[in-house]
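Student: Numbering follows the numbering used here, in which position 43 of the sequence shown is assigned residue number 43; successive positions increment by one, without gaps. Note that beta-carbon positions come from the ideal geometry of N, C-alpha and C, so glycine has one too.
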Amino acid sequence: MGETGKEEYKIQSFDSETQKLLKTALKGQQVFMSSSVTASASHNVAIPDPTLTLVAFQTPQKQSGPKEVWVLTVFLLFADPSNVDLEKVANIIVDQSLKDCVFSKEAGRICYTIIQAESKQVGQSIFRRSLLNRLQQEYKDREELRTRSLQAWICYVTFICNIFDYLRVNNMPMMALVNPVYDCLFRLAQPDSLQKEEEVDCLVLQLHRIGEQLEKMNSQRMDELFSLLRDGFLLQEGLSSLSQLLLLEIIEFRAAEWKMTDAAQKYYYSEVTD
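1. Measure how close the beta-carbons of P173 and Q213 come, nearest whole angstrom, since I'm counting them as under 8 angstroms.
2. Can you name the residues that DSSP bridges to P173?
3. Any idea what DSSP makes of V200, helix, strand or coil?
4. Assuming contact is defined by CB atoms lying nearer than 8 angstroms, are F162 and S104 in contact in what I supplied?
5. Apart from the five residues just before and just after F233, which ones in its own chain have a Cβ nearer than 8 angstroms to its Cβ?
6. Under the rule that 16 or more other beta-carbon atoms within 10 Å means buried, what is M175, buried or exposed?
7. From L177 to R187, what does the alpha carbon distance come to, in whole angstroms?
8. Alpha carbon to alpha carbon, how far is I92 from S34? Give it in angstroms, no decimals.
9. Assign T113 to buried or exposed, taking buried as 16 or more other Cβ atoms, counted over all protein chains shown, within 10 Å of its Cβ.
10. If you follow the alpha helix (DSSP H) that S218 is part of, which residue opens it and which one closes it?
11. Are the beta-carbon atoms belonging to L203 and L185 less than 8 angstroms from one another?
12. Out of W258, E87, M260 and I110, state which residue places its alpha-carbon closest to the alpha-carbon of N133.
13. Spatial neighbours of F226 within its chain, please: C-beta separation below 8 angstroms, excluding the five flanking residues on both sides.
14. So, using beta-carbon positions, are L145 and E138 closer together than 8 angstroms?
15. Count the other CB atoms within 10 Å of the CB of A256; is the residue buried (16 or more) or exposed (fewer)?
16. Classify V84 as helix, strand or coil using the three-state DSSP reduction.
17. Please report the Cβ distance between Y165 and I210, rounded to the nearest whole angstrom; I am assuming they are in contact, meaning their Cβ atoms lie under 8 angstroms.
18. Starting from the C-beta of Q236, find all residues in its chain whose C-beta is less than 7 angstroms away, skip the five residues before and the five after it, and write them out in chain order.
19. Would you report the Cα separation of Q121 and I115, rounded to the nearest angstrom?
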């Protein structure tokens, strides 16, 4: 876990044809800028037109010394999706999200931008429908996905939770995603998953991000989920020290109404980094 600013980001490169398709869907221009900064530095990018939307990815390029060169990939979005195959765009985004967990954390923002643009420009929802259909397909095959690739499974959970966080209907999370998201989190709370630190870490990260929203949508399932987590923490043998720490932290986090005190922040995150 740790501070976001210290995460190492790696955005996998799309091939030229895919880049062209995405640019057309976003109808923007791609601007590359480089600067030597520390990994935790923030970046303010001037946008010449306030009507444009900014999406920025930061990719560290290693070099000697205490600094890194960060390449900012900036999309200036004034979306006009009427002349692009939005079903193909949705599949590309999902495919990439299953390969790259860092991309899956950013994909919700991209999907939200395309959905908003499509709705305003052409009054349709082809992209959203295609995206949800693909999510449903992967959801049905989630156990096979987990067996085939633990990383892809974790990426999928990250992605669907990210989509749940961003997509709204009448300013509310999409009801259609509530149970699938819960089912994924319940899978991460099973005994075999709790034996794997990667899955425990994923579970805790998602609950930090969307746990409060999920509980408002279905509090009974959240109670059931945390009953599993408490049993796992107290009764399951063979948990690593890190997994035990993460489970205790999220149990206390929810008990404090999805808030963390300064003392808890200092205790848990100093333990994780030590």
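Tutor: Considering the structure as presented:
1. Working through the sequence shown from its first residue, we reach residue 173 at position 173. Working through the sequence shown from its first residue, we reach residue 213 at position 213. 6 angstroms between Cβ atoms; contact.
2. Position 173 of the sequence shown, counting from 1, holds the residue named residue 173. In the DSSP output, where bridge partners are listed per residue, P173 has R168.
3. On the sequence shown, residue 200 is found 200 positions in, with the first residue counted as 1. Note: V200 maps to helix in three-state DSSP.
4. Taking the sequence shown and counting its residues from 1, the one referred to as residue 162 is at position 162. Taking the sequence shown and counting its residues from 1, the one referred to as residue 104 is at position 104. For the sequence presented, residue 162 should be read as Asn rather than Phe. Yes; because the gap between Cβ atoms is below 8 angstroms, this pair is in contact.
5. Here the question's residue 233 lines up with position 233 in the sequence shown. Closer than 8 angstroms at Cβ, skipping near neighbours: L239, Q244, L247, L248 and I251.
6. Working through the sequence shown from its first residue, we reach residue 175 at position 175. M175 should be labelled exposed.
7. Taking the sequence shown and counting its residues from 1, one reaches residue 177 at position 177. Taking the sequence shown and counting its residues from 1, one reaches residue 187 at position 187. Spanning the two alpha carbons is a distance of roughly 15 angstroms.
8. Counting from one through the sequence shown, the residue named residue 34 turns up at place 34. Counting from one through the sequence shown, the residue named residue 92 turns up at place 92. Residue placement at S34 cannot be trusted, given a pLDDT of 29 that sits under 50; what the coordinates show is reported in the next sentence. Answer to the nearest angstrom: the Cα atoms are 27 angstroms apart.
9. For the purposes of this step, residue 113 is taken as the residue at position 113 of the sequence shown. Per the 10 Å Cβ criterion, buried.
10. As a working note, residue 218 is residue 218 in the sequence shown. Just to set this straight, residue 218 is Asn in the shown sequence, not Ser. Note, N218: premise wrong, no alpha helix (DSSP H); not H, not E.
11. As a first step, residue 203 must be located in the sequence shown, where it is residue number 203. As a first step, residue 185 must be located in the sequence shown, where it is residue number 185. Yes, these two residues count as a Cβ contact at 8 angstroms.
12. Reading the sequence shown from its first residue, position 133 is the one you call residue 133. The candidate whose alpha carbon is nearest that of N133 is E87.
13. Along the sequence shown, one-based indexing puts residue 226 at 226. Around F226: I251 and R254.
14. Taking the sequence shown and counting its residues from 1, the one referred to as residue 145 is at position 145. Taking the sequence shown and counting its residues from 1, the one referred to as residue 138 is at position 138. Result yes, Cβ atoms of L145 and E138 sit closer than 8 angstroms.
15. On the sequence shown, residue 256 is found 256 positions in, with the first residue counted as 1. That one is exposed.
16. Locating residue 84 in the sequence shown gives position 84, counting from the first residue. Look at V84 here: in three-state DSSP terms it is coil, with no helix or strand label.
17. The residue given as residue 165 occupies position 165 in the sequence shown. The residue given as residue 210 occupies position 210 in the sequence shown. Residue identity check: residue 165 is Asp in the sequence provided, not Tyr. The Cβ separation is near 5 angstroms, so the contact holds.
18. Within the sequence shown, the letter at position 236 stands for residue 236. In chain order, P191 and L194 place their CB closer than 7 angstroms to the CB of Q236, counting only its own chain and leaving out the 5 sequence neighbours on each side.
19. For this step, residue 121 is matched to residue 121 along the sequence shown. For this step, residue 115 is matched to residue 115 along the sequence shown. The alpha-carbon atoms of Q121 and I115 are separated by roughly 10 angstroms.
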